[in-house]
Structure formats: structure tokens, C-alpha cells
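Just below is one structure, and these are the notes that go with it.
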Amino acid sequence: MNDRSDLEVRHGTRTIDGDTVFYREAGPETAPVLLLPHGYPCSSFQYRRLMAALADRWRTVAPDFPGFGYSGDPARFGYDFDAYAIFLERFTDALELGSYALWLHDYGSQIGLRHAIAHPSRIRALIIQNGDIYADALGPKYETIRRFWRDPSPANRAPLEQAVSEDGFRAEFVGEVDDDVARRVPPDLWKLHWPLMDTPVRRALSVGLMEKLKANLDWFPRYQAYLREQRPPAIILWGPKDEYMPEPAARAYLRDLPEAELHLLDDAGHWLLETHFEVALPLVRRFLGKVLH
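For the sequence shown, the tail end lands on 293 under full-length UniProt numbering, and the numbers increase by one without skipping.
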């Protein structure tokens, strides 16, 4: 029988390379682990409901990346995908997490897969939710970023800077789904998170990560090779109302993981845990019950 406190989300900090990192955790310390790297423009807050709902059988752990949420802004941190992958390694080492299932979403998919390539023996399974690693399946919203990659002029950089704003964050969360679906998304996601991100350092690093996505494209074949060669058990949960990562981006995973479960959640978008939680949760629990026990 689990202690009652195991079923609640706990909040704490760890010192990683001398810097303070905030993280959330739920479930018994002896239970199998699900690691939850977050996406942009969010933090570990995006997993709050999921963590509580899995705590009866699994230990879930979700850090805030440096420069996001309640973690610090270390001056010597690299703020690129390599630096975040190294951070994930140091964080899991600090918590003595030996092996785990890995949730891949948004930037967390690219950071998580770099971590998986470096430590394949740690990865027991993948849960893939709207994470882009196939260049030929990227959606139309990438065109604004591509325009900057082709010509990094101030005029082409301006839309990236404008996106790092409260209105820009709101658009990320509700801008692509139908109104009835958007009403399910709590405004806390941008109203509470934007004040944490509205500093010169954090605005700059957010724009910088968009710029560095170009170099990240070179990693796409390596991510795909990892999937093809390691064949981790995987489930793909996807909101197709996503103009960065539409339905073809989900189906592309089946090229390298033909045995993966694919679930397209109809009118869901990029943030399906906010809008389709009751549909997604049973799928996640059933999958984890098979691969993580």
C-alpha cells in the first residue's frame, strides 16, 4: 500500500553543477520511473496532472530546465540543446535514477533523444507526444523560423522576439485548436509562466533556442537512427491540430518504430494533456503497465 504522501506531487530543489534546479516528483521512490522533460514555452508545470494520476504505481520526475520555471539562470550554462542534454544527465545522476521511461514532447523530445543516444541502456520505453524529429514532416509554422535561418536580418528576427511575450505564449497554447477545445486550456499556463520568463536573460535565451533549432536539424537523422537501432517500446500520443507538428510528423515515427502504438486524438493540439487528459491517461497507464513494472 502506498503512503498517502506518495500520491501527491512533491516539490523540491537540487544543486546541479553549483546551480539550483527546481523539480516536481510523485510516487514511491522505489517505483519504476518516468522522466518528464518539459517543452517550450512551459516548465514541469505541464505535467502536474499526469504526475498525480500515475503516482499509485510509478515514480514520476520532472525538472525545470535552467532558464525556465523556478530553476535558476546560470551565467555559465550553454542554453542550447547540447547543454540541456548534459543537464538531463547530471540531473538523473543526482537523483540516482538508473533507468526510466522517457516522455518526449516539444523541445523535450530533442533533448530527451540526445540523452537517450548517450545512455541507451537507461531508456526502458518512450512516450512520444508532439515532438518533431522528421524534417520532411514539419508544419507550416516553421516557415517564420526558416525565413530567419535563410536571412538572419533584424526584420526576420523580429517575429521571433515578438513570439516571446505573453500574447505569444497564449498563442502557443490555444492558437491552433477550435474554440471549444481552447476553453479547456487553463490561462495559468501563460498568465503564471510569462512573469517568470519576462526577464532580459530569459527572453534572449528563448529567442536563441529558436535560432539554434537550425543546428538541431542536423541531429534528426541521429535521432531516427537511435529509434531504428534500439527499437525501444513506444507509444505515440498526438494532437494533430498542431501547425508545427501536424499529423504527418506523428506518422513519420512509424518509419523507424513500426511496432509503436499510434493514437491521434482528433481535435487535440500540441498540449493534449491540458485538453484531452481523460482520453490520454488510460492509454498511458495501459502502456506503462506493459513496459514499466
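Where is the CB? At the ideal position from N, CA and C, for every residue including glycine.
Please read these numbers as outputs of a predicted model, since none were measured by experiment.
Q | Under the three-state DSSP convention, the category residue 270 falls into | A | Residue state, collapsed to three classes: coil.
**Q.** Rounded straight-line distance, which links the Cα of residue 282 to that of residue 19
**A.** Between residue 19 and residue 282, the C-alpha separation is close to 37 Å.
Q.
Need the endpoints of the alpha helix (DSSP H) that residue 247 sits in, please.
A. 247-251
Q: Apply the 10 Å Cβ neighbour rule to residue 92 and answer buried if 16 or more other Cβ atoms are within range, or exposed otherwise.
A: buried
Q) In this structure, does DSSP put residue 101 in helix, strand or coil? A) strand
(Q) Taking 7 Å as the limit between beta carbons, can you name the residues of its chain near residue 169, skipping five residues before and five after? (A) Leaving aside the five residues that flank residue 169 on each side, the residues in its chain whose CB is nearer than 7 Å to its CB run, in chain order, 41, 190, 193 and 194.
**Q.** Among 11, 48, 82 and 29, the one whose alpha carbon lies nearest that of residue 38
**A.** 48
**Q.** Cα-Cα separation between residue 276 and residue 268, rounded to whole angstroms
**A.** 7 Å
Q) Secondary structure at residue 16, three-state DSSP: helix, strand or coil? A) strand
**Q.** The beta strand (DSSP E) enclosing residue 62, as first and last residue numbers
**A.** 59-63
Q: Determine which residues share a DSSP beta bridge with residue 164 and list them.
A: According to DSSP, which records beta bridges pairwise, residue 164 is partnered with nothing at all.
Q) Which value, in whole angstroms, describes the spacing of the CA atoms of residue 150 and residue 219? A) Approximately 19 Å, taken between the alpha carbons.
Q | Secondary structure of residue 128, DSSP reduced to three states | A | Residue 128 falls in the strand class under three-state DSSP.
(Q) Does residue 35 come out as helix, strand or coil in the three-state DSSP assignment? (A) strand
Q: Name, in chain order, the residues that DSSP records as bridge partners for residue 173.
A: Partner(s): none; residue 173 has no beta bridge.
Q.
To the nearest angstrom, how far is the alpha carbon of residue 188 from that of residue 166?
A. 11 Å
Q: Report all residues from its chain with a CB closer than 7 Å to the CB of residue 210; omit the five preceding and five following residues, and keep chain order.
A: The answer, listed in chain order, is 145 and 160.
Q. For residue 225, does the count of other Cβ atoms within 10 angstroms reach 16, so buried, or fall short, so exposed?
A. Exposed, since its Cβ has fewer than 16 Cβ neighbours within 10 Å.
Q | Endpoints, beta strand (DSSP E) assigned at residue 235 | A | 234-238
Q) When DSSP labels each residue in this structure, what does residue 222 get in the three-state scheme? A) In the structure shown, the three-state DSSP call for residue 222 is helix.
Q) So, do the segment 171-178 and the segment 239-249 have three or more beta carbon pairs nearer to each other than 8 Å? A) yes
Q. According to DSSP, is residue 9 helix, strand or coil?
A. Collapsing the DSSP output to three states places residue 9 in coil.
Q.
Rounded to the nearest angstrom, what separates residue 147 and residue 154 at their Cα positions?
A. In this structure, the alpha-carbon of residue 147 lies about 12 Å from that of residue 154.
Q: Determine the direct distance from the alpha carbon of residue 223 to that of residue 163, and round the result to whole angstroms.
A: Straight across, the Cα-Cα distance linking residue 163 with residue 223 is about 27 Å.
Q. Can we say the segment 51-61 touches the segment 120-133, given the rule of at least three CB pairs closer than 8 Å?
A. Under the 8 Å Cβ criterion, the segment 51-61 does not count as touching the segment 120-133, having fewer than three qualifying pairs.
Q) Run through DSSP, which three-state label would residue 55 get? A) Assignment of residue 55 by DSSP, reduced to helix, strand and coil, places it in the coil class.
Q) Can you tell which of 291, 6, 266 and 278 has its C-alpha closest to the C-alpha of residue 260? A) 291
Q: Can you give me the Cβ contacts of residue 69 inside the same chain, cut-off strictly under 7 Å, excluding the 5 residues immediately before and after it?
A: 22, 43, 44, 45 and 196
Q: Could you tell me which uninterrupted alpha helix (DSSP H) segments, each at least 4 residues in length, are contained entirely in the segment 65-119, listed from first to last along the chain?
A: 81-94 and 107-118
Q. Does the separation of the CB atoms of residue 61 and residue 36 fall below 8 Å?
A. yes
Q | Residue(s) in a DSSP beta bridge with residue 23 | A | 12 and 63
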